[in-house]
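K.L.:
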Amino acid sequence: MINLQRLRFQPDRRLAFLQGFLKYPHLVGSVIPSSRFLERRLIDSSGVENARVVVELGPGTGGTTRAIMQSMPREARLLAIEINPQFASLLNSESDPRLSVYHGSAENISEALAVNDLGAPDIVVSGIPFSTISSHLGRRIISKVWDSLAPGGRFVAYQFRDRVALIGRELLGNPQVEVEFLNVPPMRFYRWDKPLDKVKKINGRKYNTAQGEIASNF
Ligand SMILES: C[S@@+](CC[C@H](N)C(=O)[O-])C[C@H]1O[C@@H](n2cnc3c(N)ncnc32)[C@H](O)[C@@H]1O
1 MINLQRLRFQ PDRRLAFLQG FLKYPHLVGS VIPSSRFLER RLIDSSGVEN ARVVVELGPG
61 TGGTTRAIMQ SMPREARLLA IEINPQFASL LNSESDPRLS VYHGSAENIS EALAVNDLGA
121 PDIVVSGIPF STISSHLGRR IISKVWDSLA PGGRFVAYQF RDRVALIGRE LLGNPQVEVE
181 FLNVPPMRFY RWDKPLDKVK KINGRKYNTA QGEIASNF
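Residue numbering for the sequence shown is 1 to 218, as defined by my numbering.
1) Note down, one range per segment and in chain order, each alpha helix (DSSP H) of at least 4 residues found wholly within the segment 161-201.
2) From V179, L137, R154 and L90, pick the residue whose C-alpha is nearest to that of Q14; which is it?
3) Rounded to a whole number of angstroms, what is the C-alpha to C-alpha distance between L171 and Y158?
4) Could I get the ranges of all uninterrupted alpha helix (DSSP H) runs contained in the segment 59-115, with 4 residues as the minimum, in chain order?
5) Report the three-state DSSP secondary structure of F155 (helix, strand or coil).
6) Secondary structure at L57, three-state DSSP: helix, strand or coil?
7) Which term fits I81, buried or exposed, when burial requires 16 or more other beta carbons within 10 angstroms of its beta carbon?
8) DSSP has S45 in a bridge; who is on the other side?
9) Use the C-beta contact count for G173: other C-beta atoms within 10 angstroms, 16 or more gives buried, fewer gives exposed.
10) Less than 6 angstroms between C-beta atoms, sequence neighbours within five positions excluded: which residues of the same chain meet that for N3?
11) Could you have a look at V31 and say whether DSSP puts it in helix, strand or coil?
12) Would the beta-carbon of F37 fall within 8 angstroms of that of G60?
13) To the nearest angstrom, how far is it from the Cα of E56 to the Cα of I43?
14) Whose C-alpha, out of M187, I109, N108 and R74, is nearest the C-alpha of P129?
15) When the Cα atoms are used, what is the spatial distance from N84 to V101?
16) Taking only three categories from DSSP, how would you classify S134?
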């Protein structure tokens, strides 16, 4: 198991983050990684303590990733999807067997889950800077995330600006909003909960639980 205290202060990770920003400013969106207060808020608002499958979009150099691994159950799995090859290779050096790293874009979430033999996630968290990527790509990412989430699952996006909320509101409805002030700059958290499936299988037959009767057209 990794030593979280030791990793938190690794200056080379901070330097790697800054170098990532200088190379791809619109993708990284920040010169420093998230604070530990933000990591705490992310854990609290996502509910990873009870998850089976978690997906993290834009893990960067791994501060938020390690906070998630520390809080999720022993038997849970975490899939980290990172577009920057240097960040992805840093994440690959983590020794926790519950972590799988996919180098590629968040819009390929279904493929990333399939190649890692993972089912629908309960929780998807995102640090991707939606304000600096194109709206078209942002829309595609949000709809793919929503399609891949398990019924009853949760999508949490943390952002300096509100672009993700504007796109998300169009596609998913109004989010729950929280702000973490102990971060530079303060960070907003937007949360959408996917409704539970209205269709349930009982003794091999499918029931429409919303209407309380057997659906005949399955
Ligand atoms: C603001 S950093 C967040 C890093 C880390 N989660 C944190 O909070 O410190 C945004 C990250 O999203 C990644 N990213 C941007 N666009 C992406 C995409 N389409 N798919 C996957 N990762 C992406 C960037 O490379 C960067 O690592």
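All C-beta atoms in this analysis are idealised placements derived from N, C-alpha and C, irrespective of residue type, glycine included.
P.N.:
Taking the definition as stated:
1) Fully enclosed alpha helix (DSSP H) runs of 4 or longer: 163-172.
2) Reading off the sequence shown, one finds Arg at residue 14, where the question assumed Gln. Looking at V179, L137, R154 and L90, the one whose alpha-carbon comes closest to that of R14 is L90.
3) When rounded, the distance between both Cα atoms is 17 angstroms.
4) Segments of the alpha helix (DSSP H) lying fully in the segment 59-115: 63-71, 85-92 and 109-115.
5) Looking at F155 - three-state DSSP - the assignment turns out to be strand.
6) If DSSP states are grouped into helix, strand and coil, L57 belongs with the strands.
7) Buried, since its Cβ has 16 or more Cβ neighbours within 10 Å.
8) DSSP, once it has assigned bridges, lists no residue as partnering S45.
9) G173 is classed as exposed because its beta carbon has fewer than 16 other beta carbons within 10 Å across all chains shown.
10) With a pLDDT of only 44 at N3, under 50, the local geometry of the prediction cannot be trusted, and no value is derived from it.
11) DSSP places V31 in coil when its eight states are reduced to three.
12) Not closer than 8 angstroms, so no.
13) Each residue's alpha carbon lies about 12 angstroms from the other.
14) If we check each option's Cα against that of P129, M187 comes out closest.
15) For the pair N84 and V101, the Cα-to-Cα distance works out to about 12 angstroms.
16) In the three-state reduction of the DSSP assignment, S134 falls in the coil class, being assigned neither a helical nor a strand state.
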